[in-house]
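Protein chains in written order, with our numbering: chain A, 201 to 384; chain B, 201 to 384.
Using N, Cα and C, we set each Cβ at its ideal position, and we do this for glycine too.
This one's a predicted model, so the numbers in the text were calculated from it and none came from an experiment.
Number of protein chains: 2
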Amino acid sequence: MPKVSDSHRADRRRQILDGARRAFARHGYEGATVARLEQEVGLSRGAIFNYFPNKWSIFYGLALEDYDRVGRLWLDEEYGSVLRHMASEDPDWIGVYLELIRKIGTQPELREQWVQRNPDLNDELMERVAELQRRGELRDDLEPGELLAFLGLILDGIAVRMSAGFPVETEPLLKLVSSAIAPQ
Amino acid sequence: MPKVSDSHRADRRRQILDGARRAFARHGYEGATVARLEQEVGLSRGAIFNYFPNKWSIFYGLALEDYDRVGRLWLDEEYGSVLRHMASEDPDWIGVYLELIRKIGTQPELREQWVQRNPDLNDELMERVAELQRRGELRDDLEPGELLAFLGLILDGIAVRMSAGFPVETEPLLKLVSSAIAPQ
Chain A
201 MPKVSDSHRA DRRRQILDGA RRAFARHGYE GATVARLEQE VGLSRGAIFN YFPNKWSIFY
261 GLALEDYDRV GRLWLDEEYG SVLRHMASED PDWIGVYLEL IRKIGTQPEL REQWVQRNPD
321 LNDELMERVA ELQRRGELRD DLEPGELLAF LGLILDGIAV RMSAGFPVET EPLLKLVSSA
381 IAPQ
Chain B
201 MPKVSDSHRA DRRRQILDGA RRAFARHGYE GATVARLEQE VGLSRGAIFN YFPNKWSIFY
261 GLALEDYDRV GRLWLDEEYG SVLRHMASED PDWIGVYLEL IRKIGTQPEL REQWVQRNPD
321 LNDELMERVA ELQRRGELRD DLEPGELLAF LGLILDGIAV RMSAGFPVET EPLLKLVSSA
381 IAPQ
């Protein structure tokens with residue numbers, strides 16, 4: 201009965217990702233030992249690492265989901281929704297990203313995997329920006345990739361401020377970003 | 201001869217800060233053990249901790265110097281100089297900030313100390329922004345503090361991208377930031 205088995209696997213995978221997200225947020229990435237992962241997930245290390253080869257791949261699975269959620273929000277709604285979503289994230293979870301950023305920066309194979317975490321979504325976002333430029337809704341004196349890099353950089357900046365425990369006021373920020381990318 | 205003694209103390213302090221900066225950049229903050237600090241600084245732990253009560257206070261001393269340098273650059277030149285200076289920083293050193301950001305975020309007394317690391321410089325920057333608003337060189341529909349928070353957030357975003365090993369193209373970024381803060 202492959203259908204049952206597939207659904208069982210999907211449930212287990214979900215259980216591991218959800219538990220690991222809690223463990224990472226609570227203890228940090230380095231602090232989330234195998235014992236703590238077992239505790240939050242409610243499965244043995246044998247079962248967990250049957251689904252994911254290592255701790256990094258669990259984090260990567262979570263990052264894939266986050267990126268997909270943020271990217272879809274952007275495509276389906278607008279950048280303001282993305283900003284507000286970011287500002288409502290758990291600072292402990294955001295801190296996990298910042299804990300791993302240097303690891304990504306110093307290990308080329310991780311960085312490559314990171315950049316390629318969803319090429320189709322990247323293409324869709326790039327195409328959306330290009331389309332808005334053609335329609336005169338975004339400035340066209342910069343490349344779509346330059347505008348996207350800027351909008352991503354804003355999200356990174358929000359992540360730092362939230363992790364440092366500072367409030368992020370999204371409305372003035374959104375005014376500033378809108379002026380930055382508007383047709384000049 | 202208090203003058204000689206003062207100058208000796210200043211030299212030692214300089215030696216500790218310079219060595220610690222190298223140790224933090226090379227090994228990360230957590231990885232910079234007391235033994236590694238001794239090695240990079242060239243002084244015994246007794247001597248080092250005679251000048252600074254703990255590792256955090258050494259990092260804080262370095263952060264004070266960085267903040268002062270960046271703030272002065274901003275006041276004496278312009279934001280473009282700050283951006284270019286940031287982009288030329290050592291990603292390993294920038295990574296130390298990101299490693300500590302969650303610590304700052306979760307420990308209120310550190311956060312307070314962090315915010316207050318140079319109140320006079322904060323005031324000067326705020327006054328500069330207000331003056332540029334009065335002269336019509338910056339948008340005045342937002343508070344000076346909101347504009348400063350945005351410019352700081354851009355620097356934080358640059359820090360993340362550099363730490364993750366991505367290039368930061370300062371010229372398109374500067375165009376975008378200039379449009380964001382220009383009179384509307």
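- No Cβ of chain A is located within less than 9 Å of the beta carbon of F259 (chain B).
- Looking at B:R334, B:L217, B:M286, the one whose alpha-carbon comes closest to that of I358 (chain B) is B:M286.
- Neighbours of G246 (chain B) across chain A, judged by C-beta separation under 8 Å, do not exist; the nearest C-beta is about 30 Å away.
- Among the CB atoms of chain B, none fall inside 9 Å of the CB of K255 (chain A).
- Closest option to A330 (chain A), judged by alpha-carbon separation, among A:R317, A:Y297, A:L275: A:L275.
- Within a 10 Å sphere around the beta-carbon of E278 (chain B) sit fewer than 16 other beta-carbons, which makes this residue exposed.
- Taking a Cβ-Cβ cut-off of 9 Å, R284 (chain A) has no neighbours in chain B, whose nearest Cβ is about 15 Å from it.
- Counting every other CB atom within 10 Å of its CB across the protein chains shown gives V296 (chain B) a total of 16 or more, marking it as buried.
- Contact annotation for R317 (chain B) against chain A: no contact, minimum CB-CB distance about 12 Å [criterion: below 9 Å].
- Within chain B, the residues L376, V377, S379, A380 have their CB atoms less than 8 Å from the CB of A380 (chain A), given in chain order.
- Under the Cβ distance rule, E299 (chain B) counts among the residues neighbouring chain A, one pair being separated by less than 9 Å.
- In this structure, the CA atom of M326 (chain B) is about 7 Å from the CA atom of L348 (chain B).
- In this chain, the alpha helix (DSSP H) harbouring R302 (chain B) covers 291-306.
- Taking 9 Å as the threshold, the shortest C-beta distance from I216 (chain A) to chain B does not fall below it.
- DSSP, read as helix, strand or coil, puts S288 (chain B) in coil.
- For the region 337-365 of chain B, the set of positions with a beta-carbon nearer than 9 Å to some beta-carbon of chain A reads R339, D341, L342, E343, E346, L347, A349, F350, G352, L353, I354, L355, D356, G357, I358, A359, V360, R361, M362, S363, A364, G365 in chain order.
- In this structure, the straight-line span from the alpha carbon of P367 (chain A) to that of T370 (chain B) is close to 26 Å.
- The region 239-256 of chain B and the region 207-227 of chain B touch, with no fewer than 3 CB-CB distances between them shorter than 8 Å.
- Identification of chain A residues near G219 (chain B) by a Cβ-Cβ cut-off of 8 Å yields none; the smallest Cβ-Cβ distance measures about 21 Å.
- Of the candidates A:S205, A:V270, A:L243, A:A380, A:A380 places its Cα closest to the Cα of R339 (chain B).
- Neighbours of L373 (chain A) in chain B, taken as residues whose beta carbon is under 7 Å from its own, are F350 in chain order.
- Shown here, F252 (chain A) sits in coil according to DSSP, grouped into three states, outside any helix or strand.
- By the neighbour-count criterion, in which a residue is buried when 16 or more other Cβ atoms sit within 10 angstroms of its Cβ, S207 (chain B) is exposed.
- Counting only residues of its own chain and dropping the five nearest sequence neighbours on each side, I304 (chain A) has a CB closer than 6 Å to the CB of L310, R311, W314.
- Taking the Cβ atoms as the reference, S363 (chain A) lies roughly 11 Å from I301 (chain A), outside the contact range of under 8 Å.
- At a cut-off of 9 Å between C-beta atoms, D266 (chain B) does not count as an interface residue with respect to chain A.
- Closest in C-alpha terms to I248 (chain B), from the list B:L355, B:P383, B:R214, B:E337, comes B:R214.
- Per DSSP, G365 (chain A) lies in no alpha helix (DSSP H) segment and is marked neither H nor E.
- Taken in chain order, the whole alpha helix (DSSP H) runs of length 4 or more contained in the region 226-250 of chain A are 234-241.
- By a beta-carbon distance limit of 8 Å, V241 (chain A) contacts I216 (chain A). Their separation comes to about 5 Å.
- Apart from the 5 residues on each side of it in sequence, E238 (chain B) sits with its Cβ closer than 8 Å to the Cβ of S244, R245, I248 in its chain, given in chain order.
- Nearest to G261 (chain A) by alpha-carbon distance, out of A:R361, A:Q316, A:T306, is A:Q316.
- Sixteen is the threshold: since fewer than 16 other Cβ atoms of the shown chains lie within 10 Å of the Cβ of G336 (chain A), the residue is exposed.
- Taking all protein chains in view, the Cβ of R209 (chain B) is surrounded by fewer than 16 other Cβ atoms within 10 Å, so the residue is classified as exposed.
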